[in-house]
């Protein structure tokens, strides 16, 4: 093989530093492909590099900004992705998430691994088995990423060479075949992987990660999007969608979630007595009882810039993905009732007595945050979020000043929020994000998701009492009152969807949930809303008024054809056997 593999990870360099003969022959970061399979350290480094292809959610543009959760203030193609402008020629920012080419390159590297690992020298049997399990999981993960955006995709399990010519042109497999392939890969990983790794292998996929992935893909496969009556295209979803077939799919989803639950290896994380603080700490406390599989970050080397990307401009941060009023007003009151701007009590004090998870997710006007940077502390000595306009006395008169965290404020106003809110979730209040990176872990899978998967499948199979019990486990951990036995039918489904939406907010679930429930045409369309806040002196304290804005933030349109992403025009041009998705 003449292909060069460039191992760019620092760990790869470190892992072969002791091999002087090899390093004398070539630069430290460049190895012939056959060299990799002669050295166990390089085999390990090869697999390490595959993990870097798993896209985490702490990137500058968050998937939530393609949904009714948020808007990305710097655009970067996000407007294209949330309007009818999206096309096979231009997916806009969604191309950053689906990553068709990158995922297939990663899959090719997985295929190379399986072809070569049997020849690897000096690799201990237990290590070979573990690495096989990890790559089965990774290949399943990469395919699940493609399938949940596009439906059925070509299943490539061999290594093509340039000389293969027309043989490289393969059609899309059916959605059913893709799901079964992913499930089979997960099953292989489950058999080969340990439940836990030793300290030196922390962060690698284990048996539970593979079980969680299996649970997710089977839940998606059972959902409405891929079970539409009248579908005749197997690559778009199932063709047989009668009640018996659907019940079988829901039963498989339920069983997969239950298998993981019954290991009793995980629990909802409740380290303290404050529901809001408990929710905050899920994403800050390392290796807590809820995290199944995550991406770790290291402040000193590969830290996350999530706080910088999304913090308020009044802290010299970049604003980034700002929550929409559409999302914020959906938070229930703490007593379980619905919030309404038409309710004068709610409208007078909209940020009081809300679902405790609201306070761990949203930075809103008046929220106590952290100490301002040195050049702003004189303007705000107590560290309170300012997203409104306020009257203040000036000599014998009154002047109106703009908040520090607005697009009219005195500090980097181009990074100010368009909506009157900032993201709080995942933030480390002790981090000075202007100068330092964080080490929060990105949760690829956490236990709450598995409980939701089990509850949804159980509910769809008709066992509402058991589903309600599971929903209440999550709901009461969040500080909300339990649902009583009178909540059934459509009301129970609404409450389930509420819980899933707000418990898993900004964790890259909403985009897929709204699509698989076939509600995206409603919830992802229309104006992205903001809040306008004015503080009037009365006489020495501020009396706030709030106005919901429906113009000027972003007008959105999700149409029926958007339920599956368009296959890129370039892909269809270079593969004559590739077929488009509906509507394109």
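Numbering (my numbering), first residue to last: 8 to 591.
In this text, a Cβ means the ideal position worked out from N, Cα and C, and glycines have one as well.
Fewer than three pairs of CB atoms, one per stretch, sit closer than 8 Å, so the segment 460-472 makes no contact with the segment 234-241.
Here DSSP, grouped into helix, strand and coil, assigns residue 173 to helix. DSSP places residue 113 in the helix class (H, G or I) of the three-state scheme.
Around the beta carbon of residue 203, fewer than 16 other beta carbons lie within 10 angstroms, which makes this residue exposed. In this structure, residue 315 places its C-beta atom within 7 Å of the C-beta atom of residue 324. Taking the C-beta atoms as reference points, residue 521 is found nearer than 7 Å to residue 527.
Contact between the segment 348-366 and the segment 414-424 is absent: fewer than 3 CB-CB pairs across the two stretches fall below 8 Å.
Nearest neighbour of residue 539 by Cα position, chosen from 113, 395, 101 and 46, turns out to be 395. Buried is the label assigned to residue 52, since at least 16 other Cβ atoms lie within 10 Å of its Cβ. When the beta-carbon positions are compared, residue 125 and residue 196 stay at least 7 Å from each other.
Here residue 584 is actually not in contact with residue 47; their C-beta atoms are around 40 Å apart, not less than 8 Å.
Per DSSP, residue 166 is not a residue of any alpha helix (DSSP H), being assigned neither H nor E.
Between the beta-carbon of residue 510 and that of residue 414 there is about 31 Å, and that puts the pair past the 8 Å contact cut. Taking the Cβ atoms as the reference, residue 220 lies roughly 6 Å from residue 151, within the contact range of under 8 Å. Per DSSP, residue 409 lies in no alpha helix (DSSP H) segment; the continuous beta strand (DSSP E) that holds it begins and ends at 404-409. Runs of the beta strand (DSSP E) lying entirely within the segment 317-346 and spanning at least 3 residues, in chain order: 328-330. For residue 79, the enclosing beta strand (DSSP E) has its first and last residue at 77-79. Taking a contact to require three or more Cβ pairs closer than 8 Å, the segment 177-192 and the segment 154-162 qualify as touching. Per DSSP, the beta bridge partners of residue 449 are 302.
A contact between stretches requires three or more CB pairs, one per stretch, nearer than 8 Å, and the segment 382-397 fails this requirement with the segment 288-297.
In this structure, residue 214 sits away from residue 225, with a CB-CB distance that is not shorter than 7 Å.
Measuring C-alpha to C-alpha distances from residue 532 to each of 504, 563 and 40 identifies 563 as the nearest. Pairing residue 374 with residue 426, the inter-Cα distance amounts to about 15 Å. The criterion of a C-beta distance shorter than 7 Å is satisfied by residue 88 and residue 101. By the beta-carbon neighbour count (other beta carbons within 10 angstroms, threshold 16), residue 493 is exposed.
Listed as beta-bridge partners of residue 534 by DSSP are 562.
Here DSSP, grouped into helix, strand and coil, assigns residue 481 to helix. Looking at the DSSP output, residue 94 bridges to 97. Exclusion of the five residues before and after residue 272 leaves 202 and 215 as the residues of its chain whose Cβ lies within less than 8 Å of its Cβ. About 5 Å separates the beta carbons of residue 45 and residue 128, which is inside the 8 Å limit, making them a contact pair. Of all alpha-carbon atoms in 544, 98, 298 and 554, the one lying nearest the alpha-carbon of residue 349 is that of 554. With at least 16 other beta carbons inside 10 angstroms of its own, residue 43 counts as buried. Residue state for residue 432 is assigned as coil, using DSSP reduced to three classes. Within a 10 Å sphere around the beta-carbon of residue 259 sit 16 or more other beta-carbons, which makes this residue buried. Distance check between residue 309 and each of 59, 589 and 41 places 59 closest, using alpha-carbon atoms only. Looking at the backbone, the Cα of residue 570 and that of residue 189 are separated by about 21 Å.
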